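Working notes, structure below.
Numbering (this note's numbering), first residue to last: 3 to 268.
If you want it as structure tokens, here you go:
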């Protein structure tokens with residue numbers, strides 16, 4: 003007999019005693035996909051499970067590497083320190099007494115400073131120093147030994163009298179322990195360094211010397227002979243100027259026991 007539910011598919015012929023799914027389960031709706039082992043209805047497509055698609059991986063743009071233009075040197079020169087290079091000096095004198103800037107007791111001209119530096123960098127030329135520094139002059143000219151820049155630094159550090167040929171400054175406001183009086187800040191817009199092996203660095207990021215035995219020459223030109231400002235940077239943040247520091251380079255000061263910077267008098 004036909005299926006009373008008029009099902010399109012029945013598991014057996016009429017009279018076999020078997021019923022279709024709807025006859026067995028009643029009038030409730032039965033989804034073939036929920037019963038394992040039952041074939042899908044004829045003509046009905048199998049259920050499709052959508053495949054999970056991974057999101058696309060973003061493409062990173064290639065890094066652009068700047069190359070020197072044709073004929074341009076490959077080496078880079080660092081820009082000058084912002085605001086110029088700063089030096090600090092502790093001094094007992096007020097600003098009104100510094101109209102001539104800072105000078106050493108035995109003040110050297112640029113030419114005398116050049117000769118002195120080169121004598122400690124390999125030359126055997128005699129030096130001509132001011133009469134206040136005659137003792138240093140005789141010691142240098144009377145020696146046949148090869149001298150290095152560290153020897154000049156040692157001489158500079160032990161000189162504390164009126165025969166000194168240098169002006170002591172510091173790269174920090176501590177001024178090497180001499181910050182009880184006035185503290186003066188000096189600024190130079192552009193400077194270079196020269197190693198004991200004659201390697202020049204234009205406008206380095208710092209003038210600090212990190213070597214205990216190889217000081218740096220600080221200069222405002224490309225060579226010692228082309229420079230008007232000459233100094234020695236040694237380990238410990240000390241920079242010893244062999245040439246005078248003009249008043250125009252002294253930019254501001256702190257009064258004793260004051261934390262406020264003031265502009266130098268015009």
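For glycine and all other residues, C-beta sits at the position ideal for the given N, C-alpha and C.
Being a predicted model, the structure only gives us computed values, none of them experimental.
Query raised in the report: Would you call residue 137 buried or exposed, if buried means 16 or more other Cβ atoms sit within 10 Å of its Cβ?
Result: exposed
Query - Bridge-paired residues (DSSP) for residue 240 - result: 172 and 236
Query raised in the report: When the distance is taken between beta carbons, is residue 235 closer than 9 Å to residue 195?
Result: yes
Requested in this report: Count the other C-beta atoms from every protein chain shown that fall within 10 angstroms of the C-beta of residue 215, then say buried if there are 16 or more, exposed otherwise.
Outcome: exposed
Query raised in the report: Leaving out the 5 sequence neighbours to the left and right, which residues in its chain are closer than 6 Å to residue 132 when beta-carbon positions are compared?
Result: 108
Query - Cβ contact (3+ pairs, closer than 8 Å) linking the region 182-189 and the region 141-157 - result: no
**Report entry** Ranges of the alpha helix (DSSP H) found wholly within the region 80-137, counting only runs of at least 4
**Finding:** 112-121
**Report entry** Entirely enclosed alpha helix (DSSP H) segments - the region 143-220, minimum 4 residues
**Finding:** 151-160
Query - Beta bridge counterpart(s) of residue 254 as assigned by DSSP - result: 187 and 265
Query - Spatially closest choice to residue 257 from 197, 98 and 86, by CA coordinates - result: 98
Query raised in the report: Is it true that the CB of residue 223 sits closer than 9 Å to the CB of residue 230?
Result: yes
Requested in this report: Kindly give me the distance between the Cβ atoms of residue 150 and residue 122, rounded to whole angstroms, as I take these residues to be in contact under 8 Å.
Outcome: 6 Å
**Report entry** Contact set for residue 2: own chain, Cβ-Cβ below 6 Å, skip 5 residues either direction
**Finding:** Because the chain is modelled from 3 through 268, residue 2 falls outside the range shown and cannot be assessed.
Report task. Report all residues from its chain with a CB closer than 7 Å to the CB of residue 197; omit the five preceding and five following residues, and keep chain order. Result -> 216 and 218
Requested in this report: Out of 85, 93, 268 and 88, point me to the one whose CA is closest to residue 180's CA.
Outcome: 93
Query raised in the report: In chain order, what residues of the same chain lie with their CB nearer than 7 Å to the CB of residue 72, ignoring the 5 residues before and after it?
Result: With a pLDDT of 34 at residue 72, under the threshold of 50, the predicted position of this residue should be treated as unreliable, and no value is reported.
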